[in-house]
Amino acid sequence: NAGVTQTPKFRVLKTGQSMTLLCAQDMNHEYMYWYRQDPGMGLRLIHYSVGEGTTAKGEVPDGYNVSRLKKQNFLLGLESAAPSQTSVYFCASSSSGRSYNEQFFGPGTRLTVL
Amino acid sequence: AQRVTQPEKLLSVFKGAPVELKCNYSYSGSPELFWYVQYSRQRLQLLLRHISRESIKGFTADLNKGETSFHLKKPFAQEEDSAMYYCALVVASGSRLTFGEGTQLTVNP
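Top line first, the protein sequences correspond to chains A and B. Just remember that this note's numbering sits 893 ahead of the position in the first sequence, which is counted from 1. Just remember that this note's numbering sits 17 ahead of the position in the second sequence, which is counted from 1.
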């Protein structure tokens, strides 16, 4: 099993450009999450999904959109990239919403917005 | 809203010395607490959770509800423990993790 995979691994954008980050998991998990990691700020939740066809806002959702058309995929979109969105993005999944379940993380996508 | 604070951004110890990574939280209910670790060039992974009361790689963490703390401890640090450590909290009603700022641990030879 590949676990959680993310595409692409690196990306450089110019201000105003758009892009989509893809997260895929092969563990049949119901829950999926997108975080951003910034120095000194830890990981902050952008959006999450509790099942196919559902999404919800996290702590820092502005400037991002998501879609969960298939259970195994969770897409994060930036419609008009800004330098403040330069970050490392992590996707994660878990088997249910029960609080003691473990979240499994992808390898991350390093995004630079010039 | 819940919050997790890790007061030390950087922590450096020598091999064989005890190490304690501090974690404090604010939440009025009964949260679940976790420690996640990210080794160099590896993905973030769960180290331990308080509900399991387990010791992983020699690390332990005790939930102190009176002090609202969940400090991570190891009596004898090893060089391979060098990594970024995140304390995280989940409120009882959901699965959303709230992370602290992280502590970069360096164990020197």
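Glycine included, C-beta positions come from ideal geometry on N, C-alpha and C. A quick note: this is a predicted structure, and the numbers were derived from the prediction, not measured.
Buried versus exposed, by CB contacts within 10 Å (16 or more), residue i
| i | result |
| --- | --- |
| Arg58 of chain B | exposed |
| Leu27 of chain B | exposed |
| Leu1007 of chain A | exposed |
| Asn98 of chain B | Correcting the residue identity first, residue 98 of chain B is Asp in this sequence and not Asn. Buried, since its Cβ has 16 or more Cβ neighbours within 10 Å. |
| Phe998 of chain A | buried |
| Phe31 of chain B | exposed |
| Arg70 of chain B | exposed |
| Arg20 of chain B | exposed |
| Ser942 of chain A | buried |
| Ala18 of chain B | exposed |
Contact check, residue i vs residue j, beta carbons under 8 Å
| i | j | result |
| --- | --- | --- |
| Gly970 of chain A | Thr913 of chain A | yes |
| Lys91 of chain B | Pro35 of chain B | yes |
| Leu89 of chain B | Leu38 of chain B | yes |
| Gly935 of chain A | Gly33 of chain B | no |
| Tyr926 of chain A | Cys984 of chain A | yes |
| Gln23 of chain B | Gly83 of chain B | no |
| Asn966 of chain A | Cys916 of chain A | yes |
| Gln918 of chain A | Gly896 of chain A | yes |
| His922 of chain A | Ser988 of chain A | yes |
| Leu938 of chain A | Arg60 of chain B | no |
Under the three-state DSSP convention, the category residue i falls into
| i | result |
| --- | --- |
| His922 of chain A | coil |
| Asp988 of chain A | Just to set this straight, residue 988 of chain A is Ser in the shown sequence, not Asp. Coil, per DSSP. |
| Asp98 of chain B | helix |
| His940 of chain A | strand |
| Gln910 of chain A | coil |
| Gln978 of chain A | helix |
| Ser973 of chain A | coil |
| Ser86 of chain B | strand |
| Ser960 of chain A | strand |
Alpha-carbon to alpha-carbon, residue j and residue i
| i | j | result |
| --- | --- | --- |
| Gln62 of chain B | Gln996 of chain A | 8 Å |
| Thr77 of chain B | Val124 of chain B | 17 Å |
| Gln978 of chain A | Thr1005 of chain A | 8 Å |
| Met920 of chain A | Ser986 of chain A | 9 Å |
| Leu80 of chain B | Pro932 of chain A | 26 Å |
| Leu64 of chain B | Tyr53 of chain B | 5 Å |
| Phe93 of chain B | Ala949 of chain A | 43 Å |
| Thr115 of chain B | Glu96 of chain B | 28 Å |
| Thr898 of chain A | Tyr928 of chain A | 14 Å |
| Ser86 of chain B | Cys40 of chain B | 6 Å |
| Glu952 of chain A | Gln930 of chain A | 13 Å |
| Tyr103 of chain B | His67 of chain B | 14 Å |
| Gly946 of chain A | Ser29 of chain B | 45 Å |
| Pro901 of chain A | Gln55 of chain B | 20 Å |
| Asn894 of chain A | Arg1003 of chain A | 23 Å |
| Leu122 of chain B | Leu968 of chain A | 33 Å |
Any C-beta of chain C under 8 Å from that of residue i
| i | result |
| --- | --- |
| Gln996 of chain A | Protein chains A and B are contained in the structure displayed, whereas chain C is not. |
Touching or not, the stretch 894 to 914 of chain A and the stretch 960 to 975 of chain A, by the rule of three or more beta carbon pairs under 8 Å?
Yes, the stretch 894 to 914 of chain A is in contact with the stretch 960 to 975 of chain A.
Does the contact criterion of 3 or more C-beta pairs under 8 Å hold for the stretch 37 to 57 of chain B versus the stretch 944 to 962 of chain A?
Taking 8 Å as the limit for Cβ pairs, the verdict is that the stretch 944 to 962 of chain A does not touch the stretch 37 to 57 of chain B.
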